[in-house]
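Take a look at the structure below.
Residue numbers (the UniProt record's numbering), protein chains in the order written: chain A, 1 to 309; chain B, 1 to 557.
Here it is, written out as structure tokens:
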């Protein structure tokens, strides 16, 4: 067990290092630079800027300097903002995104599997149709349309729900809901199909024939086994939700991390590209690891080591 | 459900909560994130007059020296004031300076500051503050993007900016508390107007020296304009309140300006319709078109000095031929592009210098120049074919080359590119392909000359035709068409070297005529800046080179 954990930890660090290295060199290979713009940029000014941000040094040297700083936890100055460092931006953006994400996750986890299970139990009856229509809507309607619909039909009609912006808990309601739709739908569909499969298994019949109450059969035997596929997608779902959705944040005017991912690239804001990428990589790696561990607790058949009995 | 499962779920949820930095469950209503203001945006209770608008993106800095564009300057223009300012009629008027003297050689300007002018913290505004601010803006260590706005004009400026000259040789000098003397490199007829530009705004020397991070937070931000900054939530909101220390405070009716920072035009438009804003820009193109059709009085088609055009790569055959270039230009139905596609009140381009600039007699510059780009299909076709023949090509040869119009990915550019493609196909019988790329890639390829035709646009920096004429000077950093005409260069230099308005404007008019006779670029339209304003808002005016000015606005609800 310990050995496995250490191995996973080492793998995680190597993964993150590889992400840093590949992103760094790819980013510099892409045409454009942080200071190019459709406007005047005299050479003097350009040279001063290159010097200020250390871009005048050879790329390899920049890479070594960057790695050293990252080890110290310093992501450097944003090349577009003279106000905040990359660390500042992540520190302020992440809690905002994570809050919306956590609320969305809560909604998805509470309602997704429940709807799925309900659908399976009442297969081809009204609850099934109802939840599957909802799920199909959730999967097929893109979030920017969902968000716009929410604004148009909810925010514009309910005076206490703001249309966009950030400030109070009320500002978080619609974006959380819009963000929750997709994972909720995914979970519902996964849950439904795995639940159907489980319900047909022999051990369910055995349990039923032993005279256990229906609710006990469902909760103790069916749901517990059916939930596994849902848990397996939690790692990526959580990391996606926590670091923010560019689309949702743009539509609702939310100052989260999401917009940094795209803005930093179109601005060629090198330090911000690196900072957000590394941050995302760390979260993703950490959560995948957690999910692996979670598997072990839920399903005793899965052993992480050969000798782990 | 098994206990273990509950335990796992709880752990995951708790972990998520920990990440959010909240100590309570995330959906508990009373919790606000550390960044968010805890107050509700409640309706203003005391009848305070607060104008609500939106600043489309987070300012990269609120230090005047480091500002680069409208997302910074809209706030700066309301919180700072330069020696001069632009008044309601678009004329240069006295700002912090009460008076000025210009030497006979038009090189030395001596400004005298007003009496009793103060910073928002109560300190007096002195000539030293200006000297300090301007020299700081061109400090190579500060590496300000807009440093050239000062360095290009002031004597010794560029030498210092490049790190070669010394600060002492920069000819900006506070003679005493109230007198500032500036010597220029060459006579510059629009220098007075430049002092109204944000790079020339003063900063409080004591504040900046004591705290280099002064401009990063509303608590330490000090300014000298009609409003001062009271709150800045990054990427969320900016608040300004009336500065009672401002010399013209009696005429300022607003108690403050609240700006949100939301970049989605559709969302902010919904909010404007929902009554959450008093004034809004930019507004979605489709909304502008609709409002214009309906004659909606809330739409204001604000003027702007900007030109939308296509670069023709003058180094690529047959675009090296002026007749070919003119053929392409004359074959574009620019009125259809403005009325049916751009739909924001833009005007078909008549040259490169847009409407709104004043000539030596204080009249509209374009009056004396007139429309230099006819829309004439026969002429276009003749010129185009003649030009091709001169280059030994036929239409088929041209089409076989597969020329491409390059534009940066954006819906509005795409529509205009498609319209141009279709007009050229119908009117000249030629095929031009379209290619969209990331903005940065477009800039890169233009600089490298790796394109045939490319979309471009230029918004004037100051109110003088030179801000446009200068672009096609052979050595200009923005001459992506690679136009090179010694006669044109000579006229540009002539206009730049004199303060004699008649000589200057003659030279600029002649230059524009030459340019449009050779057509290194294809001008399409002159920009506008539409904005929406509720009927109860009055007193807003729009200087052509700025966003709408709210200084003297009023709310009459």
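Positions of the beta carbon are idealized from the N, C-alpha and C atoms, including for glycine.
Closest to residue i by C-alpha separation, out of the options, would be which residue?
i	options	result
residue 337 of chain B	B:534, B:78 and B:416	B:416
residue 274 of chain A	A:37, A:47, A:76 and A:36	A:76
residue 282 of chain A	A:179, A:207 and A:10	A:10
residue 65 of chain A	A:255, A:89 and A:20	A:20
residue 67 of chain A	A:17, A:101, A:83 and A:34	A:17
residue 154 of chain B	B:200, B:425 and B:333	B:200
Answer yes or no: does any C-beta atom of chain B fall closer than 8 Å to that of residue i?
i	result
residue 151 of chain A	yes
residue 8 of chain A	no
residue 120 of chain A	no
residue 309 of chain A	For residue 309 of chain A, the pLDDT reaches just 38, beneath the cut-off of 50, and the residue's location in the model is therefore unreliable, leaving the point undetermined.
residue 296 of chain A	no
residue 182 of chain A	no
residue 197 of chain A	no
residue 331 of chain A	Lying outside 1 to 309, the shown extent of chain A, residue 331 of chain A is not represented and no answer is given.
residue 288 of chain A	no
residue 48 of chain A	yes
residue 189 of chain A	no
When burial is assigned at 16 or more other CB atoms within 10 Å of the CB, is residue i buried or exposed?
i	result
residue 315 of chain B	exposed
residue 458 of chain B	buried
residue 359 of chain B	buried
residue 209 of chain B	exposed
residue 367 of chain B	exposed
residue 394 of chain B	exposed
residue 5 of chain A	exposed
residue 208 of chain A	exposed
residue 182 of chain A	buried
residue 79 of chain B	buried
residue 14 of chain A	exposed
residue 346 of chain B	buried
residue 203 of chain A	exposed
residue 592 of chain B	Outside the modelled stretch of chain B, which goes from 1 to 557, sits residue 592 of chain B, for which no answer is possible.
residue 40 of chain A	buried
DSSP on residue i, reduced to helix/strand/coil?
i	result
residue 258 of chain B	strand
residue 54 of chain B	strand
residue 457 of chain B	strand
residue 36 of chain A	coil
residue 277 of chain B	coil
residue 439 of chain B	helix
residue 113 of chain A	helix
residue 60 of chain A	helix
residue 15 of chain B	Low confidence applies here, because residue 15 of chain B scores a pLDDT of 46, under 50, leaving its location unreliable and the question unanswered by this model.
residue 174 of chain B	strand
residue 94 of chain B	strand
residue 208 of chain A	helix
Using a Cβ-Cβ cut-off of 8 Å, state whether residue i counts as contacting chain A.
i	result
residue 262 of chain B	yes
residue 282 of chain B	no
residue 546 of chain B	no
residue 10 of chain B	Interpretation of residue 10 of chain B is limited by its pLDDT of 45, a score under 50 that renders its predicted location unreliable; the figure taken from the coordinates is listed afterwards. Judged by the 8 Å Cβ criterion, residue 10 of chain B is not in contact with chain A.
residue 86 of chain B	no
residue 543 of chain B	no
residue 234 of chain B	yes
residue 270 of chain B	yes
residue 495 of chain B	no
residue 158 of chain B	yes
residue 276 of chain B	yes
residue 349 of chain B	no
residue 441 of chain B	yes
residue 457 of chain B	yes
residue 161 of chain B	yes
residue 140 of chain B	yes
Closer than 7 Å: is that where the CB of residue i sits relative to any heavy atom of the ligand NAD?
i	result
residue 53 of chain B	Questions concerning the ligand NAD fall outside what the structure shown contains, since it holds no ligand whatsoever.
contact_flag[the stretch 209-226 of chain B, the stretch 143-152 of chain A] where n(CB pairs < 8 Å) is 3 or more
no
With three or more beta-carbon pairs closer than 8 Å as the criterion, would you say the stretch 235-243 of chain A touches the stretch 284-291 of chain A?
yes
Decide if the stretch 548-555 of chain B is in contact with the stretch 248-267 of chain B; the criterion is three or more beta carbon pairs, one per stretch, under 8 Å apart.
yes
Okay, do the stretch 163-175 of chain B and the stretch 86-102 of chain B touch, 3+ Cβ pairs below 8 Å being the bar?
no
Mind the definition here: the stretch 78-86 of chain A touches the stretch 504-516 of chain B only if three or more C-beta pairs lie below 8 Å; say whether that holds.
no
If we count Cβ pairs, one from each stretch, closer than 8 Å, do we get three or more for the stretch 212-232 of chain A versus the stretch 247-256 of chain A?
no
Does the stretch 474-483 of chain B come within contact of the stretch 371-388 of chain B, defined as at least 3 CB pairs closer than 8 Å?
no
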